[in-house]
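Residue numbers (the numbering used here): 158 to 687. All C-beta atoms in this analysis are idealised placements derived from N, C-alpha and C, irrespective of residue type, glycine included. First comes the structure, then the notes that go with it.
Below is the structure:
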């Protein structure tokens, strides 16, 4: 076919429909006439790279599966520019090298780069959907994406997928398009909320969760979900109990609670805890929700301990010694009793969880008591491992908060030469030992949560590591800030976070002083953990 002498510089949709584009920037007006948003423009000079016969021979010899899949594509997909194909097939080779069946997503009106980005994101960062409907990371996403490709959820998913692809390939155009789609998604979300139409749909809540995931993958704000917490809280309250009637709604509810817990911990704010009061009510019947309810209760106690510790100096300045001593004794007794009761509830959860797992989840490994995983005698499936890490994190935060509170009391009693401080100091060694055991348990579960080790303890050649990494990201970051963790525990934890940052592409996993820590391979990490 004779080359006409110039490349089309119209928008993507006008080029696909083979009509004249007015080329208005940033979006053309002809798309608006047809009632569809303009998808924007590609690179202005997409020149095809020259092809040589030797390159065909080497590519066929290197990847015969890829050649067969490429030849089976329809003719309409073959007419794309060379640069786009190069980036798309580079991502496709990355996905096909996993030697596993990809999760099929709806075919939407996108260019090859966008298709490859979506395929990569869903394959790596979306958990596999299993028959028992165990809540995990966005297993429902492939089933609720629609074919038009222009709704709120579709634009949000594309934005996150493009950022994930950018972290792997380093193509600046992917990053620019990701931020552009992120802005579009924010505007569409605001319009949806203001109109009130379909605001309680699963797609809206999934889109808000993906906006939080965008923060994790891009590294903005180190994964702090504060920008979207109020929206999550309002959506959960508006959706009510009806959202728990389906497995999809329950999964989205659990993922939203995790984001609210992260915000509550980072900001010492209980404003958005337990939306609608459903968490505590459901905890009476469901062990998974009981664990979430214990986490909320733990956060309330932590904030009370922090406020009490900060108020010690004010009490010294405003109250007489006798009144101060009586007030401190009352606060000590009440807070410590509530904290130890919650710790006992965590132990009770460990005892009751195995029975619930056997009766409810077929084919999953059951949870075991604290400290048993670190001995190397037990293995987990990825979803159960993530659950155990989150529950151990709640226990760890409460232990650290109690330790900080008791140490502050002991230091003040020592300055006043009081006798009560010696009684409080007796708790410290046992609590510090419990902290280290809890951290060991969490780190031992990480290879299973990242799907690097199967339930029999054997390495998995093609791990679905991104889905679990997004769930356990904040627990690992909290361990790195724990002053009572051993140097070996910190080394292992920083190595996990470094791999999440460099290999998986979750930029909020970046560890301060990362260049000072040496990367460890899987064998070395497992030997240190066990």
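Kindly indicate which three-state DSSP category residue i falls into: helix, strand or coil?
i	result
residue 499	helix
residue 523	coil
residue 620	coil
residue 356	coil
residue 317	helix
residue 530	helix
residue 283	coil
residue 214	Residue confidence for residue 214 is low, a pLDDT of 44 falling below 50, so the modelled location carries little weight and cannot support an answer.
Only counting the same chain, and skipping five residues up and downstream in sequence, which positions put a Cβ closer than 7 Å to that of residue i?
i	result
residue 598	527, 528, 530, 531, 549
residue 509	444
residue 425	460, 463
residue 370	317, 627
Can you give me the Cβ contacts of residue i inside the same chain, cut-off strictly under 6 Å, excluding the 5 residues immediately before and after it?
i	result
residue 185	168, 178, 179, 195
residue 440	446, 447, 450
residue 400	406, 410
residue 264	Only weak support exists for where residue 264 lies, its pLDDT of 39 falling under 50; the value from the coordinates is given anyway. Within the same chain, residue 264 has no close Cβ partners at all.
residue 646	596
residue 290	404
residue 631	419
Taking the beta carbon of residue i as the centre, do at least 16 other beta carbons fall within 10 Å, making it buried, or is it exposed?
i	result
residue 432	buried
residue 515	exposed
residue 182	exposed
residue 652	buried
residue 388	buried
residue 175	exposed
residue 660	exposed
residue 595	buried
residue 436	buried
residue 271	buried
residue 429	buried
residue 453	buried
residue 385	buried
residue 519	exposed
residue 422	buried
residue 202	Only weak support is given to the placement of residue 202: the predicted model assigns it a pLDDT of 38, under 50, and the value that follows is read from those uncertain coordinates. By the neighbour-count rule (16 or more Cβ atoms within 10 Å), residue 202 is not buried but exposed.
residue 571	exposed
residue 442	exposed
Do residue j and residue i come within 8 Å of each other at the CB atom, strictly closer than that value?
i	j	result
residue 552	residue 500	yes
residue 506	residue 447	yes
residue 324	residue 662	yes
residue 416	residue 444	no
residue 365	residue 341	no
residue 600	residue 560	no
residue 296	residue 281	no
residue 610	residue 618	no
residue 314	residue 367	yes
residue 316	residue 300	no
residue 703	residue 539	The structure shown does not extend to residue 703, since the chain spans only 158 to 687, so no value can be given for it.
residue 541	residue 522	yes
residue 627	residue 359	no
residue 581	residue 567	yes
residue 279	residue 310	no
residue 641	residue 592	yes
residue 357	residue 396	yes
If I'm right that residue i touches residue j with Cβ under 8 Å, what's the distance once you round it to whole angstroms?
i	j	result
residue 392	residue 362	5 Å
residue 546	residue 635	With 8 Å as the limit, residue 546 and residue 635 do not qualify as a contact, their Cβ atoms being about 11 Å apart.
residue 376	residue 664	3 Å
residue 624	residue 413	17 Å between Cβ atoms; not a contact.
residue 650	residue 555	Not a contact, Cβ separation roughly 19 Å.
residue 620	residue 607	6 Å
residue 654	residue 637	7 Å
residue 156	residue 457	Residue 156 falls outside the range modelled here, since the chain spans only 158 to 687, and no answer is possible.
residue 557	residue 639	6 Å
By Cβ distance below 8 Å, which residues in the same chain neighbour residue i in space, the five residues on each side in sequence not counted?
i	result
residue 613	536
residue 355	349, 361
residue 193	170, 307
residue 197	168, 169, 183, 184, 334, 337
Taking 8 Å as the threshold (beta carbon to beta carbon), is residue i in contact with chain C?
i	result
residue 658	No chain C appears in the structure shown, which is made up of a single protein chain.
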